[in-house]
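Sequences listed follow chains A and B, in order.
Using this note's numbering, you'd call the opening residue of the first sequence number 1 and step up by one each time.
Using this note's numbering, you'd call the opening residue of the second sequence number 1001 and step up by one each time.
Virtual Cβ for every residue (Gly too), placed ideally from N, Cα, C.
See structure below.
Protein chains: 2
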Amino acid sequence: MAAQNGNSENNGEMVVTPWEVKGKVDYERLIREFGTQPLTPELLGKLETYTDKLHLQIERRIFFSHRDLDTVLNLYEQGKKFVLYTGRGPSGPVHIGHMVPWIFTRHLQEKFQTRLYFQITDDEKFIIDNNSTLAETRKWGYENALDLIALGFKPENTFIIYDVQDMDLLYDIALKVAKRITFSTARSTFGFQDSTNIGWVFWPAIQAVPCFIHKKLTGENVPALIPAAIDQDPYWRVTRDMAQKLGYYKPAQIHCRFLPGLGAGGKMSASMPETSIFTMDPPDVVKKKIWNAFTGGRGTAAEQRKLGADPSVCSIFQYYYYLFEQDSKALAERERRCRAGEMLCGECKRDIVEKLNKFLEEHRERREKAKDTIEEFHIKRK
Amino acid sequence: MAAQNGNSENNGEMVVTPWEVKGKVDYERLIREFGTQPLTPELLGKLETYTDKLHLQIERRIFFSHRDLDTVLNLYEQGKKFVLYTGRGPSGPVHIGHMVPWIFTRHLQEKFQTRLYFQITDDEKFIIDNNSTLAETRKWGYENALDLIALGFKPENTFIIYDVQDMDLLYDIALKVAKRITFSTARSTFGFQDSTNIGWVFWPAIQAVPCFIHKKLTGENVPALIPAAIDQDPYWRVTRDMAQKLGYYKPAQIHCRFLPGLGAGGKMSASMPETSIFTMDPPDVVKKKIWNAFTGGRGTAAEQRKLGADPSVCSIFQYYYYLFEQDSKALAERERRCRAGEMLCGECKRDIVEKLNKFLEEHRERREKAKDTIEEFHIKRK
């Protein structure tokens, strides 16, 4: 909520709201402040029994916190299924960081054989951004859906919701939710101010709807599990407060970290496209972005060979960690070689450029094919 | 906004908001306070050229105030058509008072050959009333639409909008409107408070939509003229402020008075069904309500014969004035006989019971037939 909460001019201080993430994110502190639960070994053990082995993103604690995942798994054990729900605010093109939780969502869908509701919030992006138009957010909604589908989701159990087009499906539930949220609650949860427009004030009710829509469509009352970045948590807190009064399960969540950007300190923002790799970036653009990325390297090659570098602050290393080195032994070896000065940044960058461009090339092929099937995913077509 | 603005416990003081009308309504004061325009002889002259003769409700100043009616007629003179827009909050059955402006709307539609958009605000009635359900407001929406259609509207040029079902048609325009209304403006216009729910806060954007929807459906940009009771004026003030920025004409309005209720002082409310005549009231119920109605009569027949009665405070006389004595000479004669003590309340009540029951019987026949055609009026069917 950049323009609204007055925090935009902070000095590197952590800000995590549904509309803004700034500063160095302290995830332990978020668990405390948001009141979510860490993933315990016991819970991971239970998860593992259903997923053969833990997904890389769990193993590496990219997903690190939850609400009621234990409840959902206990219900599952008793034969009660659940649905997945996540989404995308279509303000522009999709980058690698956006896809990280979607890849994990795809894994959960496959292992638990569940339905996914994917909400494209073209209304939200229009209402919160003074300069956006509905034509733009609709266009990005379509483009972003192609990226989702390219990750391997199937139309049989993936239901894409485009808010503006599909509002007649959502509105009755949104009204029931909205009736239970006072302006006062919305203000304290989301930081709304007198200058906030009334569409934005209402909007949290719409983000709640996919938690509950499965019952409307199928008659089955099952919980929703939401894999998403932790900045979205405030929405679900409000939704959880009223779910049972409306006759639904509380939505459960599993929260992930943000893939850091390529700038110094992991900085990344929509206004700095050079700090993210977008799915439509051609190979030379990817190469250029990676070569300009902030690393943990030393001033000179000689110095680095002697003293080693620091992968803990390196934006490139995070790309390996999040997605591009799935072999944990190889990742550890890369880290060791980096710290020991056995490998310079150039080598590491060349490797990631190659991996990225290979990944993106294949992704774009699948993305192109998705144009033929995208309509089959639309919730209104079902 | 009974529960919200703290005015519910007033002492007969006038309160006129979109959600509450209380106390003795001073229409001259409303024109001043709301900043609307009185109907001038010049404007009425222009209206008359298009309507053969002035409608009874204009002649008797039941419609008494306007915004931009002159602009709409000037544009019409230049060949630019307009559309009509009015509506109904389906919180319960329709009574005679609700139908008064609809009858006038039907007249305008016929004389100007224009399209009518009729909004049934089942969402609003749900969101503002703690005890209502969507099933109820939907049911009343259907029932109320039957009463509208029974007044002679034709499906060719009458488009009924049911908000909850049709929100996918309305939502894009509602978002554009909402983006231009801050919470601060909404609060000062509608008296919203911290305890107001966020659905209610958003709702004014939805009431604005039918002012603009004609352009979306047909490509024609024409103004909307809204015949409605004056309590709805605050909505249009906000809508007018932004209309041109969104590329539309400002909606024009023509405002009517409220048919007074049958209680003392013209009191009428949904919680006192005995003070209104509903379209589904059987003859004996109508008779009972009329016999219990507040009149300007004296304590005894002898006294009344001697001193005469006072039609200016009589709720029954208002029924003749608004709808049931269209012959102004006959009305004047009735008033004279009343004042002179030549006619007692019993005679006058017997007459109105007969007229009311005849009107309602015919209305209910047309209402029954409307069940066959109601779907043809639905905007989504077009």
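Status (buried if at least 16 other CB within 10 Å, exposed otherwise) for residue i
i: Q304(A); result: buried
i: E347(A); result: exposed
i: K369(A); result: exposed
i: W1291(B); result: exposed
i: T1275(B); result: buried
i: A389(A); result: Here chain A comprises residues numbered 1 to 382, so residue 389(A) is not present and cannot be evaluated.
i: K289(A); result: buried
i: R367(A); result: buried
i: S1315(B); result: buried
i: R350(A); result: exposed
i: M272(A); result: exposed
i: E1325(B); result: buried
i: E156(A); result: exposed
i: E365(A); result: exposed
i: Q1078(B); result: exposed
i: N1131(B); result: exposed
i: D1281(B); result: buried
i: Q1004(B); result: Summary for Q1004(B): the model assigns pLDDT 39, below 50, so the residue's position carries little reliability; its value from the coordinates is reported in the next sentence. It counts as buried.
For residue i, the three-state DSSP class (helix, strand or coil)
i: R366(A); result: helix
i: F34(A); result: helix
i: E1013(B); result: coil
i: S1312(B); result: helix
i: H1107(B); result: helix
i: N1197(B); result: strand
i: Q1253(B); result: strand
i: P273(A); result: helix
i: I1128(B); result: helix
i: V222(A); result: coil
i: L307(A); result: helix
i: G420(A); result: Given a span of 1 to 382 for chain A in the structure shown, any question on residue 420(A) remains unanswerable.
i: F278(A); result: strand
i: E77(A); result: helix
i: T189(A); result: helix
i: F377(A); result: helix
i: K371(A); result: helix
i: T182(A); result: strand
i: E1020(B); result: strand
Contact under 7 Å by Cβ, residue i with residue j
i: E1124(B); j: W1203(B); result: yes
i: L84(A); j: L116(A); result: yes
i: A243(A); j: L225(A); result: no
i: G35(A); j: I127(A); result: no
i: P101(A); j: P227(A); result: yes
i: V1201(B); j: K1287(B); result: no
i: H1363(B); j: T1279(B); result: yes
i: G1152(B); j: R1088(B); result: no
i: D1384(B); j: D1122(B); result: Since the first residue of chain B shown is 1001 and the last is 1382, residue 1384(B) is not available in this structure.
i: C256(A); j: F63(A); result: yes
i: G1296(B); j: D1310(B); result: yes
Extent of the continuous beta strand (DSSP E) run through residue i
i: H1066(B); result: F1063 to R1067
i: V158(A); result: First, the amino acid is wrong: residue 158(A) is Thr here, not Val. Note, T158(A): beta strand (DSSP E), T158 to Y162.
i: G117(A); result: It is worth fixing the name first, because residue 117(A) is Tyr in this sequence and not Gly. Where Y117(A) is concerned, the enclosing beta strand (DSSP E) stretches over L116 to I120.
Limits of the unbroken alpha helix (DSSP H) element including residue i
i: H214(A); result: I213 to T218
i: G141(A); result: L134 to A150
i: V1094(B); result: V1094(B) -> no alpha helix (DSSP H), and no H or E assigned at all.
i: L43(A); result: P41 to T51
i: I290(A); result: P283 to W291
i: A1264(B); result: Looking at the DSSP string, A1264(B) is not in any alpha helix (DSSP H), and its letter there is neither H nor E.
i: P210(A); result: Here P210(A) belongs to no alpha helix (DSSP H), and DSSP marks it neither H nor E.
i: K329(A); result: S328 to A340
i: W236(A); result: D233 to A243
i: I1058(B); result: L1056 to E1059
i: F294(A); result: Counting along the chain, F294(A) falls outside any alpha helix (DSSP H), and DSSP gives it neither H nor E.
Any chain D beta carbon closer than 7 Å to residue i
i: M1099(B); result: The structure shown contains no chain D; its protein chains are A and B.
Three or more C-beta pairs below 8 Å linking the segment 206-216 of chain A and the segment 64-78 of chain A: no
Segment contact, 8 Å Cβ cut-off, at least three pairs: the segment 1049-1060 of chain B with the segment 1104-1120 of chain B: yes
The segment 1091-1098 of chain B in contact with the segment 1177-1193 of chain B per 3-pair CB rule at 8 Å: A contact is defined here as three or more CB-CB pairs under 8 Å, and the segment 1091-1098 of chain B fails this definition with respect to the segment 1177-1193 of chain B.
At least three beta-carbon pairs within less than 8 Å, the segment 1224-1239 of chain B to the segment 227-247 of chain A: The answer is no - the segment 227-247 of chain A does not touch the segment 1224-1239 of chain B, with fewer than three Cβ pairs under 8 Å.
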